[in-house]
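Q: Have a look at the structure that comes next, please.
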Amino acid sequence: MQPLTGFRDFLPADCAERNYIFAKWREATRRYGFIEYDGPLLEELDLYKKKSGDEIVRQLYEFVDKGQRAVALRPEMTPTLARIIATNHRNFRKPLKWFSIPQVFRYERPQRGRLREHFQLNCDIIGESSAEADAELIALAIDVVRAFGFGANDFVVRISDREFWTELLKVEGVPPERWEEVLQTIDKSEREARTKTMERLGALAGPVFEILEKGGESTKLNEIIDNLRARGLSDFATVDVRIVRGLAYYTGVVFEIFDRAGKFRAIAGGGRYDQLIAQLSDNAVSLSALGFAMGDVVLGEMIHENASALRQLEVSVRSDHAIDIYVVIAKEERRAAALAVIQQLRDQGYGLDYPMTPTKVPRQFQTAEQLGAHTAILFGDEWPSVAVKNLATGEQRLIPHEELLTHLTANR
Ligand code: HAM
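For the record, in the sequence shown the residue sitting at position 138 is 210 according to the working numbering, with numbers rising by one throughout.
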């Protein structure tokens, strides 16, 4: 039997890769002072129906639970975060810088870079309305991707402002209830035939394509680019009005990260959602907010297609998986003595393995190598001394067992 379409098994090598990605995510967010939170995997269906927008609602894994509640597996983290903040914000000094690594579920058509479950790094800043916060968030997004060994030739952040488009919609007299549909059409315009987009836009096609072709300017976006320049990060970013974002709650600056070659789907996306928290709050708490999410799927594909990023991953995974010491039991009557030493060294923090059943000595050395051990300790005829072998150099020394710990510590 196979896992469901769009779902993954994580064999040890896949888990190692996932742990590597999560560790880099945690390390980069720590450098920016973000702290971790989490929420439930299952939420009330209404949370998404009201807040995420039609596209995600069509992709929900939803069902009625045994208490007759309409519930859904989370397709994203932002509504959960907004709900948590609406009820708990008083306990925290603003601005909040929070991150989370949820697994999320969307019933999409599985294709390259798109599955029905994925993990996302979510980083959000709550309670800061200045453009400095947008720049800080975008700088973090850039540094997260850089942490995997990618440079300005490999990826770019395309930054835009939804207000370009909402201003146009106001001028053109488009009623607010149609805005989401129009914004989604613009969001899709890059991936769709021009005639189809024009058909969907109707009378708006002219002015929309004029902006798409001419590009746009805004003092806010210039301020963000200048801020990134001050950090030495402006090579990683560009203003691009084609970015609109598919989710309904964005209100201002939005951005997406793509590989430069344009081979993959977006690695990450985010923006400002200054009204979402108020909408989820009983007493209309008004807090500005902005954030982004980066998925593990596209990122993993990009790592596998970039030689140096892949080497960095492999080196890290190999050293994480390797044990330190393999204990070779050459004489079964030494097993009890070996176990005592194994326990003592494990207590000291060493990683050790040994044969659980009687095994030929050459075979044991083979296993030691496969496991990446740097040292083998051989329990045999020399007892109460043991042979300590450096597996990299082949050098071997006899050490009285009571001096073993001192010897290992000195050579660590
Ligand atoms: P999103 O653009 O829907 O944003 O997802 C963010 C990233 O998750 C995408 O750029 C992509 O890498 C990955 N992703 C999305 N769907 C899939 C899928 N089906 N399979 C694999 N990867 C996928 C959000 O989710 C917003 N809540 C982000 C945000 C946080 N905005 C503010 N704070």
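Beta carbons are placed, not taken as given, at the ideal position from N, Cα and C, and that holds for glycine. Keep in mind it's a predicted model, so treat the numbers as computed, not measured.
1. Closer than 7 Å: is that where the CB of GLU282 sits relative to any heavy atom of ligand 1?
2. When you compare only the Cα positions, how much space is there between LYS121 and GLU189?
3. Which of helix, strand or coil does DSSP assign to LYS122?
4. What would DSSP say about GLY274, mapped onto helix, strand or coil?
5. Per DSSP, what kind of secondary structure is PHE236 in: helix, strand or coil?
6. Between the segment 248-259 and the segment 205-214, can you find at least three pairs of beta-carbon atoms closer than 8 Å?
7. Using the three-state DSSP reduction, which class does GLN183 fall into: helix, strand or coil?
8. Suppose you measure from the CA of LEU417 to the CA of VAL370; what does that come to, to the nearest Å?
9. Alpha carbon to alpha carbon, how far is LEU117 from ILE231? Give it in angstroms, no decimals.
10. Taking only the alpha-carbon atoms, compute the straight-line gap between GLY245 and LEU305 and give it to the nearest angstrom.
11. Under the rule that 16 or more other beta-carbon atoms within 10 Å means buried, what is LYS169, buried or exposed?
12. Is ARG178 near ligand 1 - that is, is its Cβ less than 7 Å away from at least one heavy atom of it?
13. Would you give the residue range spanned by the alpha helix (DSSP H) that TRP170 belongs to?
14. Please state whether DSSP places PRO147 in a helix, a strand or coil.
15. MET374 by DSSP, collapsed to three states: which one?
16. Tell me THR267's beta-bridge partners as DSSP assigns them.
17. GLN468 lies in the beta strand (DSSP E); which residues open and close that run?
18. From which residue to which residue does the alpha helix (DSSP H) around SER388 run?
19. Any contact of the segment 292-304 with the segment 347-366, i.e. 3+ C-beta pairs under 8 Å?
20. Evaluate ASP331 with the Cβ neighbour count: other Cβ atoms within 10 Å of its Cβ, from every protein chain shown; 16 or more gives buried, anything less gives exposed.
21. From GLY444 to PHE336, what distance separates their C-alpha atoms?
A: Let's see:
1. Answer for GLU282: no, Cβ out of range of ligand 1.
2. If you take the alpha carbons of LYS121 and GLU189, they lie about 19 Å apart.
3. Judged by DSSP in its simplified three-state form, LYS122 adopts helix.
4. Correct three-state label for GLY274: helix.
5. Looking at PHE236 - three-state DSSP - the assignment turns out to be helix.
6. Verdict: no, contact absent.
7. Taken through DSSP and simplified to helix, strand or coil, GLN183 comes out as strand.
8. C-alpha of LEU417 to C-alpha of VAL370: approximately 41 Å in a straight line.
9. If I take the Cα positions, the gap works out to 31 Å.
10. Rounded to the nearest angstrom, the two C-alpha atoms are 39 Å apart.
11. Flag for LYS169 reads buried.
12. At least one heavy atom of ligand 1 sits closer than 7 Å to the Cβ of ARG178.
13. No alpha helix (DSSP H) contains TRP170, which is instead part of the beta strand (DSSP E) from 168-172.
14. DSSP places PRO147 in coil when its eight states are reduced to three.
15. MET374 falls in the helix class under three-state DSSP.
16. The partner list for THR267 (beta bridge, DSSP) is empty, contrary to what the question assumes.
17. Membership of GLN468 in the beta strand (DSSP E) is indicated by the continuous run 468-472.
18. Per DSSP, SER388 belongs to the alpha helix (DSSP H) from 379-393.
19. Three or more beta-carbon pairs separated by less than 8 Å are not found between the segment 292-304 and the segment 347-366, which leaves the two stretches without contact.
20. By the neighbour-count rule (16 or more Cβ atoms within 10 Å), ASP331 is buried.
21. In this structure, the straight-line span from the alpha carbon of GLY444 to that of PHE336 is close to 35 Å.
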